[in-house]
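Chains as they are written, first to last, in my numbering: chain A, 7 to 260; chain B, 7 to 260; chain C, 0 to 305; chain D, 2 to 267; chain E, 2 to 267.
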Ligand SMILES: Nc1ncnc2c1ncn2[C@@H]1O[C@H](COP(=O)(O)OP(=O)(O)OP(=O)(O)O)[C@@H](O)[C@H]1O
Ligand SMILES: Nc1ncnc2c1ncn2[C@@H]1O[C@H](COP(=O)(O)OP(=O)(O)OP(=O)(O)O)[C@@H](O)[C@H]1O
Ligand SMILES: [Mg+2]
Ligand SMILES: [Mg+2]
């Protein structure tokens, strides 16, 4: 039992239990209107799931998140690598990078909608445009810190571009890619909400904003929590096993 | 001349020139209302600067950005290090991390304003809360990738906590800190805009929203660009010299 | 041929949705020779983007927006939709009796410093009591739902908010201190003015004249029905988000009060007066280069028709 | 001649008076590793060390020899307290001791200068120590402000040696300290090490593959078996250090080669 | 005896017929480094190599010796095309050649298994090569699926050697390949290297500090001066490899020690 409690599942369970307790206390402190308790939130979520409303909006949002994520990460990886390895690419790209990095999400979204139209491509493009510079910046740091010794080895043994990328560069970038992915997924989801708020007729962001207008905190929390649960699930069931696999070469801690 | 053009300043100048050209073309293509050209945008910016309006809002926003940045980075650094180095801390913190990582900015802001009040502390706290998990995630990857050989050396020579942190850990985390700072500053600024939009009566986000309501794209672009210019300046005049100093030990490229 | 489609941007829980829903449900669109396609949006920002991007044909907004866009060459135009406007709400037991009593207190303001209600209240305070509300109160600009909430928990002494938030507050022990219509009257309006209306592109409307006229007619018919029939409201109730009967009844009452009844030319004349006052206070930031209500802000086709 | 070759048990019990294994912990500087296993990345476990124990008599110079991959570095790591995941025990005296170590790689902080790399390792009471003598000794005074990436591997190893020498440790653990150095430099540094050891009360344990080096420096050799490693034999060398050159050294080497054929020079 | 000691110029011009420096590029496998400078991190520049040139006759075995930090690794890097920032030239034949290199550190990909590390270095036409023989030769067949972090340093070096041996290069550059290995293993690998060199047309250049090793393996020694490095002398060894043991080898060593006092064994 003791080992279960200090094991990975036990500790996470403790942590989640603490969270629920804090939540219940907060709901007593602030009252059910401003901070509805877990029971009422989950009841609402269950109702919305049963009605099919929540799964519909969730699916739409997830699709947008995935599309924007795939676009942003692949472009960010390419630009980050280029800017990290080549001084010329870096000097040329820097002003653009800083521009896009600091362009408010709102502006990018509005301009994308106006210039491209109020449609799905504009939405996804706007989200991706918001995320690309973040991914670029992170990957660029990784590319700058690449081990020159291994690069030299790869050159001597004639690895060529693809082999070097796959076997020498990407494994070194793994922690940077992991950081960019995790914080990127979160950022994308934040921006998808804004995108949905400004010009889509469905998705979780749309729903949350609707409920914000009528100040239904319970509904807002329900939609948020379902998404967070999905992310927790993806993290535990997909990302972490993948990461363990990618990191199996690291020396096991004593 | 040739060497100037391929030098860092020359390349950046070229890049900015290309940007301006693209902008002018876009403004012809979309018309001055949907995409006002650089001249009219800068004229507007100059007017707003002269009137003192823009500097006022800019200063307020920058203060918020700096405060939130300082809070978020120091907490993110601490939690990221802890979670990266200790399995127990990681297992305990993980659900909270994912919760805060994926809590929509809107929710955090709304709850902060509701629970703390429509005031400056709530605003800054809301922004910091949005950024902390991102910083944590990035730093945690860095902490996981720390060189065990150097850590062992530090232990054998009795470095102690502070010395290890300062001379062994932080220099290794430098690229991760740089990535977290750059993308963090950008993220914070994006969220500050939302925070200002939802519940503050000044700041660039407030102004942009104001102009958005009357659909004055020129004013929106002017405010955005001034901020981007400030960031570009900070990057070139502060961050990069600091980085060069921090990285002077890296082998010079051949 | 198929009936022409008119895409109308509506907020799901917004008041416009009630009318649009009624049109569709009762087949008023088919009856008037067009097909109405509601585009559900999450906020008024989305509406502004949508009309600028040409992805919706009709949204609901105010004549300030229309006039400014016209001045800058975008031929939007306006058909009155409702005379319901915002008001400053205070708790029933507040000692405040007039705007003057708000001096020094924290006042929430929806829609930002360029909101027409807020500007009218500022003008009114200037006229009647000789002070600037913006200077002598602490305005807190924030999202409308916050304001209602912050008024409830006492952080704000008063809040200038939109009518459907206020209708709710009225059932919870809050009262109107002063409304937009009060202010309008003080500036010489001869009756209630329609602050918001259906906004669309004049050129588009010229190409789809029959459909747009049909839309206006359908809107009238829906208003008539909602103005008289309680059954029509019962059907809408689920989408009104009214927690209890009192709120529901108050929303209905307020909606009915807001149905515009005056000839458009009369409204336009009143609006011009008010516009000048607002332009004086809001300045260029509010109105852009147009110091007077841009000609054609009210849809000329309708005026001719009358 | 000069090399007193002893069978393992005799050497330990007879000569050094080691107590029974279960009391090893009380004794100064003793290590007893009953088993050391590593988890393999692809599941499974390997046993690297089994029943390896020895005692370092204070102020002696011991050399540890053994085939590549037999567990020498692992043993040092356990002694340094860097690996606690083994069954067995390390004596309290060893746990408390102030160590210096030269690892098999230089392990310098790339972002600190040569001088800072040494200075950071100094205990607080020596913080202001003049590093010129030790830097001179390793012939790197001109490079005191250089960063490790500006050094050749041999130079980096010399910095690591200078770092270990300057902390004035109780126990000095050296893992092949003199490889990657030209013979002249290596010899100078071997002399330096001997001098240091003779002038201060320090206990030295040095891993080496160079039997000649071991014969010249050590009081005692401990030879490990292939994995799972245990002590295959120990040898005391009683010949004074000054006398270990020319013919005497050759003789010693022949003796050792006879005793441990696996260490053969050629 | 057996060691033909030649002054530098005689060796180069007389024996090997090197053309004038400005025509060096046309010749097979020649290097001419007029100057190699490094920028220091704290500003300034150091000249590490000045007027260093030599020619590798195809299919010979050359050893490069020199004091620690004199520029041996730098020279290898220039030959490998990893450092183009020098004045001088490398012959086109050298630029085109297929290399294998054993660096001073193992330089394995930590995230790839031992087998993958070797296989990745193979040119496409050998992709399916059976690695069992070479892994057997370095005694690491049991570790073919292990990751580098699970190896001892000596084992990692053996993997690096196996990698270099298995690509069947035209030119093999070795930077102190046999350090950190016990003598028995090192000897076995030296034999392996000799066999490889004799069985295939490969040109070998090996950096070493071990004069005994050089004397046993090389056709020719090139000795560098302290920095700024240039060739201090070259020596041909014409004694057949089979005969280099026992007394003959000792004699050779004495000869060499006499010619290059700085390489002295003790
Ligand atoms: N990146 C660099 N920046 C500055 N100086 C350097 C750099 N790399 C090498 N040096 C200098 O060049 C000289 C030669 O280095 P190199 O690595 O070639 O030596 P080496 O002969 O291989 O020595 P060793 O036997 O110790 O490996 C050294 O003095 C070193 O300080
Ligand atoms: N982290 C690890 N995981 C699995 N096996 C390991 C690990 N570390 C070391 N080993 C194994 O332990 C054995 C001993 O390693 P160690 O580094 O102690 O050898 P060594 O005697 O120092 O060898 P060398 O002379 O080559 O340095 C090796 O067979 C190695 O494969
Ligand atoms: Mg070892
Ligand atoms: Mg070297």
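Glycine included, C-beta positions come from ideal geometry on N, C-alpha and C.
Strand pairing of residue i, partner residues [DSSP]
i, result
"residue 47 (chain D)", "D:39"
"residue 207 (chain E)", "E:64 and E:175"
"residue 137 (chain C)", "C:105"
"residue 342 (chain C)", "Because chain C here runs from 0 to 305, residue 342 (chain C) falls outside it and cannot be looked at."
"residue 113 (chain B)", "Looking at the DSSP assignment, residue 113 (chain B) forms no beta bridge with any residue, so it has no partner."
"residue 76 (chain C)", "C:199"
"residue 101 (chain D)", "D:173"
"residue 260 (chain C)", "Residue 260 (chain C) is not bridged to any residue."
"residue 88 (chain C)", "C:158 and C:175"
Beta-carbon gap between residue i and residue j smaller than 8 Å
i, j, result
"residue 111 (chain D)", "residue 148 (chain D)", "yes"
"residue 148 (chain A)", "residue 182 (chain A)", "yes"
"residue 50 (chain D)", "residue 74 (chain D)", "no"
"residue 47 (chain D)", "residue 115 (chain D)", "no"
"residue 96 (chain E)", "residue 82 (chain E)", "yes"
"residue 2 (chain C)", "residue 27 (chain C)", "no"
"residue 163 (chain D)", "residue 139 (chain D)", "yes"
"residue 97 (chain B)", "residue 238 (chain A)", "no"
"residue 204 (chain D)", "residue 171 (chain D)", "yes"
"residue 129 (chain B)", "residue 205 (chain B)", "yes"
"residue 253 (chain E)", "residue 264 (chain E)", "no"
"residue 185 (chain A)", "residue 143 (chain B)", "yes"
"residue 140 (chain C)", "residue 112 (chain C)", "yes"
"residue 146 (chain B)", "residue 150 (chain D)", "no"
"residue 196 (chain C)", "residue 294 (chain C)", "no"
"residue 228 (chain B)", "residue 50 (chain B)", "yes"
"residue 206 (chain D)", "residue 174 (chain D)", "yes"
Residue from the options with nearest C-alpha to residue i
i, options, result
"residue 66 (chain B)", "B:250, B:255 and B:233", "B:233"
"residue 99 (chain D)", "D:124, D:83 and D:84", "D:124"
"residue 146 (chain D)", "D:41, D:80, D:65 and D:118", "D:118"
"residue 138 (chain C)", "C:238, C:83, C:101 and C:243", "C:101"
"residue 261 (chain D)", "D:251, D:247, D:248 and D:235", "D:235"
"residue 164 (chain A)", "E:230, E:101 and E:65", "E:101"
"residue 60 (chain E)", "E:241, E:223, E:254 and E:200", "E:200"
"residue 67 (chain C)", "B:250, B:221, B:225 and B:256", "B:221"
"residue 58 (chain B)", "B:175, B:187 and B:209", "B:209"
"residue 300 (chain C)", "C:83, C:166 and C:76", "C:76"
"residue 250 (chain D)", "D:214, D:208, D:228 and D:33", "D:214"
"residue 85 (chain C)", "C:230, C:42 and C:179", "C:179"
Distance between beta carbons of residue j and residue i, contact taken as under 8 Å
i, j, result
"residue 207 (chain A)", "residue 39 (chain C)", "4 Å"
"residue 35 (chain D)", "residue 72 (chain D)", "With a Cβ gap of about 13 Å, residue 35 (chain D) and residue 72 (chain D) do not count as contacting."
"residue 69 (chain E)", "residue 136 (chain D)", "With a Cβ gap of about 15 Å, residue 69 (chain E) and residue 136 (chain D) do not count as contacting."
"residue 180 (chain A)", "residue 252 (chain A)", "6 Å"
"residue 132 (chain C)", "residue 124 (chain C)", "5 Å"
"residue 110 (chain C)", "residue 150 (chain C)", "Incorrect: roughly 15 Å between the Cβ atoms, too far for contact."
"residue 86 (chain E)", "residue 231 (chain E)", "Not really, about 19 Å apart at Cβ, beyond 8 Å."
"residue 57 (chain C)", "residue 5 (chain C)", "6 Å"
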